[in-house]
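Read in this note's numbering, the first sequence has 339 at position 36, and its numbers run on one by one without any break.
Okay, so here's the structure we're looking at.
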Amino acid sequence: MRQSQLFTRTQKDAPKDEVSINAQMLSRGGFTDKLMAGVYTYLPLGFRALKKIENIIREEMEGAGGQEILMPSLQPKENWAVTGRWDTMDDLYKVADKSGKEFALGPTHEEIVVPLAKKFISSYKDLPLYLFQIQNKFRMELRAKSGLLRGKEFFMKDFYSFHKDEADLDAYYEKMKTVYRNIFEKAGIGDITYITFASGGSFSKYSHEFQTVTAAGEDTIYLCESCRVAVNKEIINEQNYCPVCGNKNLVEKRSIEVGNIFNLKTRFSDAFGLSYKDAEGRVCPVLMGCYGIGLGRLLGAIIEVHHDEKGMIWPEQVAPYLTHLINIANSRSVADNLYDELKAAGVEVLYDDREGKSPGEKFADSDLLGMPYRVVVSEKTIAASKYEIKKRAEQDVKLADKNELLNILRQNTNA
RNA sequence: CGGGGUAUGGUGUAAUGGCAGCACGCAUGCUUUGGGAGCAUGUAGUCCCAGUUCAAAUCUGGGUACCCCGACCA
Numbered sequence: 304m305r306q307s308q309l310f311t312r313t314q315k316d317a318p319k320d321e322v323s324i325n326a327q328m329l330s331r332g333g334f335t336d337k338l339m340a341g342v343y344t345y346l347p348l349g350f351r352a353l354k355k356i357e358n359i360i361r362e363e364m365e366g367a368g369g370q371e372i373l374m375p376s377l378q379p380k381e382n383w384a385v386t387g388r389w390d391t392m393d394d395l396y397k398v399a400d401k402s403g404k405e406f407a408l409g410p411t412h413e414e415i416v417v418p419l420a421k422k423f424i425s426s427y428k429d430l431p432l433y434l435f436q437i438q439n440k441f442r443m444e445l446r447a448k449s450g451l452l453r454g455k456e457f458f459m460k461d462f463y464s465f466h467k468d469e470a471d472l473d474a475y476y477e478k479m480k481t482v483y484r485n486i487f488e489k490a491g492i493g494d495i496t497y498i499t500f501a502s503g504g505s506f507s508k509y510s511h512e513f514q515t516v517t518a519a520g521e522d523t524i525y526l527c528e529s530c531r532v533a534v535n536k537e538i539i540n541e542q543n544y545c546p547v548c549g550n551k552n553l554v555e556k557r558s559i560e561v562g563n564i565f566n567l568k569t570r571f572s573d574a575f576g577l578s579y580k581d582a583e584g585r586v587c588p589v590l591m592g593c594y595g596i597g598l599g600r601l602l603g604a605i606i607e608v609h610h611d612e613k614g615m616i617w618p619e620q621v622a623p624y625l626t627h628l629i630n631i632a633n634s635r636s637v638a639d640n641l642y643d644e645l646k647a648a649g650v651e652v653l654y655d656d657r658e659g660k661s662p663g664e665k666f667a668d669s670d671l672l673g674m675p676y677r678v679v680v681s682e683k684t685i686a687a688s689k690y691e692i693k694k695r696a697e698q699d700v701k702l703a704d705k706n707e708l709l710n711i712l713r714q715n716t717n718a
């Protein structure tokens, strides 16, 4: 992408109504635009990062046997009346049409996916079944805050598993813990994201959250540093020691909940009468698990964790572009050629081809936007027949000829 | 939903009752090019509705929006 053609430009100052690091940097970098409190537009750079996250998640969900579907956001009241959540879920957006018929804007999709599954599940041979979607959710947050971390409309992956018995559900639930670990590892926050025991509701002792430790978090967890698991503050009164090793010396940390997995058992299949016939012809309830990740929140969490005073520092797998190519030479011809060659080699590159900008301004923009690699073409590099390459996260600058450059960038290209 | 705060060009800000100013951005021209360039000429603003006053960005009332703390948060 030629930066001279890019829809957005950077801003020197953050808008005064954004306080959180992620919102300030996303706004300054032109990654997102706030429409209203808790509701953001993803602009080209932000949308690319979101898509990178989406692709990581999709790959892992498909690897876990998930089949992707897309369910509606506009949902009939009747489905929510069946589970009782029309009246009890107080962050449910309710809308009505001209005739007075009422609808919910989906905050989650158990009320839709269970009746849907009922149309196709009738035998033990149909189980297990794994369905997921990546889609906008709506929740009436009375106090949206912290940029992308808590919104009224947000992009979420929700995954639902259907099982014939508890053993199968439990085994799959354990498997999903590993799948989730992989996702957060790829997203660049694996080392500071901890599986956390949280309230399990009425059907199981615990649910499990994936909590990323950062001062910007709004959750409080108690971490067992040796087991690398945590306990959410919400259950610390019942569970004040490590559930794995019994350690009582837990360390209090602030954290962001980037994922949650939940054992639903028969909570929703009972409500909708979702059952199957076993090999003996007996009617049995289907057991369910659900597994969520907020993509926007994850994106915000990545920035909260990976930034410095100059800007964002994107992990390679979620960066909008791998490389930021900057021309500060008098002519664009050398940089133009390199841009074409990088693209031809499959390297994702944002090319600062803008005229009339000072080098300082281009470097400052590059630091703000935070692509993993910066490649500079200048009079000095042209004279040396080299290119300058620098990692955003590191100070060292090195000169490389074209082959070296392509090798470095290619080995980080997952194309 | 309780409490607190804020609202001035696209962004950040100044002006406490008396000419709405500055910086960045943007536009045009010339110069400039390794860490947020220079000069010149332009562009663009007082959240909304009432009220007080000779006069309101400024005072009063109402509304709206946004931010922060708390509550809430399958």
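Idealized CB from N, CA, C, for every residue including glycine.
Using the C-alpha atoms, what's the distance from Gly663 back to Pro431?
What you label residue 431 is simply residue 128 of the first sequence in a count that begins at 1. What you label residue 663 is simply residue 360 of the first sequence in a count that begins at 1. Near 57 Å, if we compare the C-alpha coordinates of Gly663 and Pro431.
Per the contact definition of three or more C-beta pairs closer than 8 Å, is the segment 665-684 in contact with the segment 640-655?
yes
Can you tell me whether DSSP reads Leu334 as helix, strand or coil?
Residue mapping note: residue 334 aligns to position 31 of the first sequence, counting from 1. The sequence given here has Phe at residue 334, not Leu. Reduced to three states, the DSSP call for Phe334 is coil.
For Glu477, does the three-state DSSP call read helix, strand or coil?
As a working mapping, residue 477 is identified with position 174 in the first sequence. Three-state result, Glu477: helix.
Other residues of its chain near Ile685: CB distance less than 7 Å, five sequence neighbours each side excluded:
Counting from 1 along the first sequence, the entry for residue 685 is found at position 382. Answer for Ile685: Ala632, Val637, listed in chain order.
Could you check whether Phe423 and Lys440 sit closer than 7 Å to each other, using their CB atoms as the reference points?
The residue you call residue 440 lines up with position 137 of the first sequence. The residue you call residue 423 lines up with position 120 of the first sequence. Going by C-beta atoms, Lys440 is not nearer than 7 Å to Phe423.
State the CB to CB distance for the pair Gly341 and Met615, rounded to an integer number of angstroms; the pair is presumed to be in contact (CB under 8 Å).
In the first sequence, counting from the first residue as 1, residue 341 sits at position 38. In the first sequence, counting from the first residue as 1, residue 615 sits at position 312. In fact, because the Cβ distance is near 21 Å, the residues do not count as touching under 8 Å.
Comparing C-alpha positions only, which one of Ser502, Glu362, Val385 sits nearest to Ile437?
On the first sequence, residue 437 is found 134 positions in, with the first residue counted as 1. The option with the nearest alpha carbon to Ile437 is Glu362.
In terms of alpha-carbon separation, which member of Leu598, Lys646, Gly387 lies closest to Ala806?
Within the shown structure, residues of the chain are numbered from 304 to 718, placing residue 806 beyond reach of any answer.
Among Arg446, Leu451, Asp429, Ala384, whose alpha-carbon lies nearest the alpha-carbon of Tyr579?
Start at 1 with the first residue of the first sequence, and residue 579 comes out as number 276. Closest option to Tyr579, Cα to Cα, is Asp429.
Going along the chain, which unbroken runs of the beta strand (DSSP E) with 3 or more residues stay wholly within the segment 480-508?
List check, beta strand (DSSP E) in window: 496-502.
Would DSSP call Gln714 helix, strand or coil?
Within the first sequence, numbered from 1, the residue matching residue 714 stands at position 411. In the structure shown, Gln714 adopts coil according to DSSP, grouped into three states.
Could you tell me the distance, in whole angstroms, from the CA atom of Leu590 to the CA atom of His466?
As a working mapping, residue 590 is identified with position 287 in the first sequence. As a working mapping, residue 466 is identified with position 163 in the first sequence. Rounded to the nearest angstrom, the two C-alpha atoms are 5 Å apart.
Where Val608 falls: helix, strand or coil (DSSP):
Here residue 608 is taken as the residue at index 305 of the first sequence, counted from 1. Helix, per DSSP.
Please work out which residues of its chain come closer than 7 Å, Cβ to Cβ, to Asn706, disregarding the five sequence neighbours upstream and downstream, and give them in chain order.
Locating residue 706 in the first sequence gives position 403, where the first residue counts as 1. Once the five neighbours on either side are set aside, Asn706 has no close Cβ partner at all.
For Glu371 and Tyr475, the rounded distance between their alpha carbons
Start at 1 with the first residue of the first sequence, and residue 475 comes out as number 172. Start at 1 with the first residue of the first sequence, and residue 371 comes out as number 68. Going from the Cα of Tyr475 to the Cα of Glu371 covers about 18 Å.
Do you know offhand how far Ile629's Cα is from Val700's?
Position 326 of the first sequence, counted from the start, is the residue given in the question as residue 629. Position 397 of the first sequence, counted from the start, is the residue given in the question as residue 700. Cα to Cα, Ile629 sits roughly 14 Å from Val700.
Assigned secondary structure, Lys467 (DSSP; H/G/I helix, E/B strand, else coil):
Here residue 467 refers to the residue found at position 164 when the first sequence is read from its first residue. Lys467 falls in the coil class under three-state DSSP.
Taking only runs of the beta strand (DSSP E) that begin and end inside the segment 633-688, which ones reach a length of at least 3 residues, in chain order?
Entirely contained in the segment 633-688, the beta strand (DSSP E) runs reaching 3 residues are, in chain order, 652-655, 676-680.
Could you give the DSSP three-state label for Val273: helix, strand or coil?
Residue 273 is absent from the structure shown; the chain starts at 304 and stops at 718.
Between the Cα of Cys593 and the Cα atoms of Ile495, Tyr433, Lys694, Thr626, which residue gives the shortest distance?
Counted from its first residue, the first sequence places residue 593 at position 290. Residue nearest to Cys593 within the set Ile495, Tyr433, Lys694, Thr626 is Tyr433 (criterion: CA-CA distance).
According to DSSP, is Arg388 part of a helix, a strand, or is it coil?
Translated into positions along the first sequence, residue 388 becomes position 85. Arg388 falls in the helix class under three-state DSSP.
Taking the continuous alpha helix (DSSP H) assigned at Ser572, which residues delimit it?
Counted from its first residue, the first sequence places residue 572 at position 269. Where Ser572 is concerned, the enclosing alpha helix (DSSP H) stretches over 570-575.
For Phe406, write down the residues that DSSP places opposite it in a beta bridge.
If you number the first sequence from 1, residue 406 lands on position 103. Pro379, Val398, per the DSSP bridge assignment.
Can you check whether the CB of Val417 is closer than 7 Å to the CB of Phe406?
Counting from 1 along the first sequence, the entry for residue 406 is found at position 103. Counting from 1 along the first sequence, the entry for residue 417 is found at position 114. Pairing Phe406 with Val417 gives a Cβ-Cβ distance that is not under 7 Å.
Buried versus exposed call for Leu445 [16 or more other C-beta atoms within 10 Å across all chains shown]:
Start at 1 with the first residue of the first sequence, and residue 445 comes out as number 142. Within a 10 Å sphere around the beta-carbon of Leu445 sit fewer than 16 other beta-carbons, which makes this residue exposed.
Ala687: buried (16+ other C-beta within 10 angstroms of its C-beta) or exposed?
As a position in the first sequence, residue 687 is number 384, starting the count at 1. Under this definition Ala687 is an exposed residue.
Can Glu512 and Thr499 be called in contact, C-beta distance under 7 Å?
On the first sequence, residue 512 is found 209 positions in, with the first residue counted as 1. On the first sequence, residue 499 is found 196 positions in, with the first residue counted as 1. In contact: Glu512 and Thr499 (Cβ atoms closer than 7 Å).
Cβ-based burial, Cys548 [other Cβ within 10 Å; buried from 16]:
The residue you call residue 548 lines up with position 245 of the first sequence. Cys548 is exposed by the Cβ-count criterion.
Is the separation between the beta-carbon of Ser330 and that of Pro347 shorter than 7 Å?
Walking along the first sequence from the start, residue 330 turns up at place 27. Walking along the first sequence from the start, residue 347 turns up at place 44. At the C-beta level, Ser330 and Pro347 stay beyond 7 Å of one another.
So what does DSSP say about Glu691, is it helix, strand or coil?
In the first sequence, residue 691 corresponds to position 388, counting from 1. Three-state DSSP puts Glu691 in a strand.
Which of the three DSSP states is assigned to Tyr525 in this structure?
Along the first sequence, one-based indexing puts residue 525 at 222. Strand at Tyr525.
From Ala622, Arg351, Ile415, Thr626, pick the residue whose C-alpha is nearest to that of Glu381; which is it?
The residue given as residue 381 occupies position 78 in the first sequence. Nearest C-alpha to Glu381: Ile415.
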